[in-house]
Amino acid sequence: EAGVAQSPRYKIIEKRQSVAFWCNPISGHATLYWYQQILGQGPKLLIQFQNNGVVDDSQLPKDRFSAERLKGVDSTLKIQPAKLEDSAVYLCASSLEAGVVSEQYFGPGTRLTVT
Amino acid sequence: RKEVEQDPGPFNVPEGATVAFNCTYSNSASQSFFWYRQDCRKEPKLLMSVYSSGNEDGRFTAQLNRASQYISLLIRDSKLSDSATYLCLMDSNYQLIWGAGTKLIIKP
């Protein structure tokens, strides 16, 4: 079974530039998560989708971050404009069930460096 | 007080020893608890769920103490391959909250 795919794996941009990340969850998984993980910290949930609807985006900095999951399958996360403090690993995860907290499967992440 | 707290470590433990660490939480209404393992520069992977009755998987035992609001992870007969960061995850006010992780180093 294919795992969660993410691209790109690494990205270096200058502050004020834009960047987009892509995630393809495990086939059939209803729930998709985007996390930001800063070095030495635990993952911070940015947004959670259930199929193509948003369940929780309370910690998403909506002035610069946006995400969509148009067909309830793959998803994109965008940052525009980027700030130095956005340097982090962006993890995408998916879980099979909707409505309950269950095992999450993570992709390899995108390591973003903002200079 | 943080919603979820973990001792960051590192815990330096000789191979074969038993080690335990906790994750404390502030929201008494939390219902779902998990331990994840994260290797250096890798993604987190589920180690085990934590049930009210506790659960055991080989050398690993997880327990929930609702009265004192913490979950624990016990690793027996530790192996070099157990070296990793252990993250707790729980739901809090319908949000998913992760601990910052406890770093474990197993030494030969």
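Chains as they are written, first to last, in the working numbering: chain A, 1 to 115; chain B, 1001 to 1108. Positions of the beta carbon are idealized from the N, C-alpha and C atoms, including for glycine.
Residue i beta carbon near the ligand NAD (any heavy atom closer than 7 angstroms)
i	result
leucine 1074 of chain B	Absence of the ligand NAD is noted for the structure shown, with no ligands found whatsoever.
Sheet register partners of residue i (DSSP bridge)
i	result
serine 1072 of chain B	B:Asn1022 and B:Gln1063
isoleucine 47 of chain A	A:Trp34
glutamate 68 of chain A	A:Thr76
asparagine 52 of chain A	Its beta-bridge partners do not exist; DSSP assigns none.
valine 1013 of chain B	B:Ile1106
tyrosine 1036 of chain B	B:Leu1046 and B:Leu1087
8 angstroms Cβ cutoff, residue i in contact with chain B
i	result
glycine 42 of chain A	yes
glycine 109 of chain A	yes
leucine 45 of chain A	yes
leucine 77 of chain A	no
glutamate 85 of chain A	no
phenylalanine 49 of chain A	no
valine 54 of chain A	no
glutamate 97 of chain A	no
serine 66 of chain A	no
serine 94 of chain A	no
glutamine 104 of chain A	yes
Terminal residues of the beta strand (DSSP E) in which residue i lies
i	result
glutamate 1056 of chain B	1055-1057
valine 100 of chain A	Counting along the chain, valine 100 of chain A falls outside any beta strand (DSSP E), and DSSP gives it neither H nor E.
alanine 1084 of chain B	1084-1092
glutamate 1005 of chain B	1004-1006
serine 94 of chain A	88-95
alanine 20 of chain A	19-24
Residue from the options whose Cα sits closest to the Cα of residue i
i	options	result
tryptophan 34 of chain A	A:Lys11, A:Cys23 and A:Ile12	A:Cys23
glycine 1058 of chain B	B:Asp1082, B:Cys1040 and B:Tyr1070	B:Asp1082
glutamine 80 of chain A	A:Gly53, A:Tyr90 and A:Ser18	A:Ser18
glutamate 1043 of chain B	A:Pro61, A:Tyr90 and A:Ile47	A:Tyr90
valine 100 of chain A	B:Leu1047, B:Ala1100 and B:Gln1095	B:Gln1095
lysine 1079 of chain B	B:Pro1010, B:Ile1071, B:Val1019 and B:Phe1033	B:Val1019
Closer than 8 angstroms to chain A by CB, residue i
i	result
glutamate 1043 of chain B	yes
leucine 997 of chain B	An answer regarding residue 997 of chain B cannot be provided, because it is not within the stretch 1001 to 1108 covered by chain B.
leucine 1087 of chain B	yes
Contact set between residue i and chain E, taken where Cβ atoms lie within less than 9 angstroms
i	result
alanine 1100 of chain B	Here the protein chains are A and B, and chain E is not one of them.
Where the region 6-28 of chain A meets chain B: residues whose CB sits under 7 angstroms from a CB there: Along the region 6-28 of chain A, there is no position whose C-beta sits under 7 angstroms from a C-beta of chain B.
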